[in-house]
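Visitor: Below you will find the structure I want to go over with you.
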Amino acid sequence: MTSYKILVVDDESQIHTFIRISLAAEGFEYLGAESIGAAKRLIEQNSPHLLILDLGLPDGDGMDLVNFVRSTSNTPILILTARDEEDEKIRLLEAGANDYLSKPFGIRELIVRVKVLLRDLVNTHLPADLIETSDIKLEISTNQAWFQGEPLALTKKEFAFLRMLMATPDKLVMQEELLAKIWGMTHTRDSHYLRILVSQLRKKLNDNANDQRIIKTEPGLGYRLLSDR
């Protein structure tokens, strides 16, 4: 049975304590962060199956983290909020949250909502675990890749790059977006990182830089994955 990883993002240590104990009792794997920055690092390193997120965080609004997650995945998000206004709840759902729970809350209700969201994950989101083109296949949950049916060894950053391009075949993905998502917001001008990564990928995909049949470079703009070759 899958041990689901659940990331709890809250700046109150007592919230972490009783949620951690309750999740462990149900067989879930707990991950904890007290800021947006720490949560982003854990998401990139651990790919949690579900987020439990408080909006009031020391380094920004939790909605920024919702937007960050939604830019790359459909990971279920359960919001913990002390804001009980109807307009606020609608805003949360429209922004990409899957559910919300008003503070103070009972742990039994929290666990039930977690199980419902994970059930929906199993029933709805697992088919999207595979991304394929005619030559390349990625399995998101395991970070495995295949090229023309053969296993393809990729670094985490190479995998992330291909995943972003394969999400929108033939469409330009701007280099600033790639740099922000793969290396972080402080590296949006470091275009040489991408040039080195693409050069490495071309070797693995037998994609000659002078005859770009898989990864198309748009100088000064970004990259696109060619699907019709």
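Numbering (UniProt numbering), first residue to last: 1 to 229.
Think of the CB as a built atom: it goes at the ideal place given N, C-alpha and C, for glycine as much as any other residue.
It should be emphasised that the depicted structure is a prediction, and the values quoted were computed from it without experimental measurement.
1) Ignoring anything shorter than 3 residues or poking outside the UniProt DNA-binding region "OmpR/PhoB-type" (128 to 227), list the beta strand (DSSP E) runs there in chain order.
2) Figure out for me which residue from E94, E88 and T186 has the closest Cα to the Cα of S102.
3) If you follow the beta strand (DSSP E) that A33 is in, where does it begin and where does it stop?
4) Using DSSP bridges, identify the partner residues of V9.
5) Classify D190: buried if its beta carbon has 16 or more other beta carbons within 10 angstroms, exposed otherwise.
6) If you check the beta carbons only, do L118 and Y4 fall under 7 angstroms apart?
7) Cα separation between E34 and R41?
8) For G62, name the three-state secondary structure that DSSP assigns.
9) Go ahead and pull the three-state DSSP assignment for S22.
10) From I131 to L55, what distance separates their C-alpha atoms?
11) Nearest to P169 by CA position, among T186, H187, E139 and S134, is which residue?
12) Taking T81 as part of the beta strand (DSSP E), name the residues at either end of that continuous run.
13) First and last residue of the alpha helix (DSSP H) that includes K115?
14) Taking Cβ positions, are F28 and I6 nearer each other than 7 angstroms?
15) Taking DSSP's pairing of strands, which residues face D99 in a bridge?
16) Please look up how many angstroms separate the CB atoms of V116 and A97, rounded, as I've assumed it's under 8 angstroms.
17) Roughly how many angstroms lie between the CA atoms of G184 and S199, to the nearest whole one?
18) Buried or exposed for D10, going by 16 or more other Cβ atoms inside 10 Å?
Guide: This is what the structure gives:
1) 130 to 132, 136 to 139, 144 to 147, 215 to 218 and 222 to 225
2) E88
3) E29 to A33
4) A33 and L53
5) exposed
6) yes
7) 12 angstroms
8) helix
9) helix
10) 32 angstroms
11) S134
12) I77 to T81
13) I107 to D120
14) yes
15) L78
16) Not really, about 14 angstroms apart at Cβ, beyond 8 angstroms.
17) 20 angstroms
18) buried
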